[in-house]
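When you line the sequence shown up against mature numbering (1 follows the signal peptide of the UniProt record, and there is no 0), it's residues -24 to -1, 1 to 202, in that order.
Glycine included, every Cβ here is placed at the ideal spot set by N, Cα and C.
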Amino acid sequence: MRRCCAAAAIVSVAVLTGCGQSVSGTPVAESTMSVRAVAGALADLLPTPQQFPDRYPAVVLPPQAASAAAGDLDGVGAGATVSPAACAPPEAEIGAEPAAVAVGSDDANRSTLTVELARSTEVLSGLRERLRGCERIRVGRAGADSTVTTVLDEFVPSGADDAISLRRRVIPDVGGAGLTQTMQTSVGQIGDVRITVTSMTFGGGEPDTDAVAEMFETTVRAVHDS
């Protein structure tokens, strides 16, 4: 129970990102095409808490919390306004299987390690192009404003059909440097399963890139073996 509460507390802090004013950006149309369906329920493909590094005691989130956590990791969150509006993450696909999410927490270092599996008919190139046009956005939620920056890395993780790696920062207008979130994320696509692995820290801490690489490899292997 303590671990679950710790993970939930960190996720709830992440919800406090927000924005209002316009910032330049180039809207990019979503790319979709027919992708093969991967067999197996997402919850069954998700790594177990025991597969997380020992320094990240983990829990599998229930569906509603999983949806909220997934939204927080893109720096936007449910119910937020985004400027430019075209940079808002796409809505969940109607009738799609709920995302499966596991979160590990390192309370001493104020960091989390999150693995998300979701069904998506959007090829990863669509996400890649959208992010290139939305390197800097403003986000507003519940009266709190923030700037979200996203930079695609040259490094591309291997093993998936397609993959990207990115560094994201969520900088709140109010609250000081201690509430700034820094994330290192690897995103991969295997058929219609999108794999997202993120290390998130608060304040001046650096994301755990080794843990991201380890869990991305573990998750890719599980999806391939399904």
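task: Just grab the DSSP bridge partners of Q160 for me.
output: The residue you call residue 160 lines up with position 184 of the sequence shown. Looking at the DSSP output, Q160 bridges to R143, S175.
- prompt: Taking Cβ positions, are V122 and I147 nearer each other than 7 Å?
  reply: On the sequence shown, residue 122 is found 146 positions in, with the first residue counted as 1. On the sequence shown, residue 147 is found 171 positions in, with the first residue counted as 1. The sequence shown places Ser at residue 122, rather than the Val named in the question. Going by C-beta atoms, S122 is nearer than 7 Å to I147.
query: Are R143 and V132 close, meaning C-beta to C-beta below 7 Å?
result: In the sequence shown, the residue the question calls residue 143 occupies position 167. In the sequence shown, the residue the question calls residue 132 occupies position 156. No, the pair does not count as a contact, with Cβ atoms beyond the cut-off.
message: Tell me the DSSP secondary structure of L22 in three-state form.
response: Position 46 of the sequence shown, counting from 1, holds the residue named residue 22. Residue state, collapsed to three classes: coil.
In chain order, each alpha helix (DSSP H) run of at least 4 residues that lies wholly inside the segment 11 to 81: Taking only runs of at least 4 residues, the alpha helix (DSSP H) segments lying wholly in the segment 11 to 81 are 18 to 21, 39 to 48.
- request: Going by DSSP, name the residue or residues bridged to G116.
  value: To locate residue 116, count along the sequence shown from 1; it is residue 140. BP columns for G116 point to T57, D121.
query: Just checking, does the segment 94 to 103 make contact with the segment 67 to 75 on the three C-beta pairs under 8 Å criterion?
result: Enough Cβ pairs lie closer than 8 Å, so yes.
6 Å CB neighbourhood of T88 in its chain, flanking five on each side removed: Locating residue 88 in the sequence shown gives position 112, where the first residue counts as 1. Cβ neighbours of T88 within its own chain (closer than 6 Å, five residues either side excluded): I(-15), V79, S81, M176.
task: Identify which residue in I166, A17, A64 has its Cα closest to the Cα of S134.
output: The residue you call residue 134 lines up with position 158 of the sequence shown. With distances taken between Cα atoms, S134 lies closest to I166.
- prompt: Is the closest heavy atom of the ligand FMN to the C-beta of A198 under 6 Å?
  reply: Among the components of this structure there are no ligands whatsoever, and the ligand FMN is therefore not found.
query: Mapping DSSP to helix, strand and coil, what is V169?
result: For this step, residue 169 is matched to residue 193 along the sequence shown. Looking at V169 - three-state DSSP - the assignment turns out to be strand.
- request: Taking D83 as the reference, give the member of A68, P60, R31 with the closest Cα.
  value: Working through the sequence shown from its first residue, we reach residue 83 at position 107. Nearest of A68, P60, R31 to D83, Cα basis: R31.
query: S59 to G109, Cα distance in whole Å?
result: To locate residue 59, count along the sequence shown from 1; it is residue 83. To locate residue 109, count along the sequence shown from 1; it is residue 133. About 12 Å.
message: Our contact map puts V91 next to M191 with C-beta atoms below 8 Å; I'd like the distance itself, whole angstroms only.
response: Here the question's residue 91 lines up with position 115 in the sequence shown. Here the question's residue 191 lines up with position 215 in the sequence shown. Yes, V91 and M191 are in contact; Cβ-Cβ is about 5 Å, under 8 Å.
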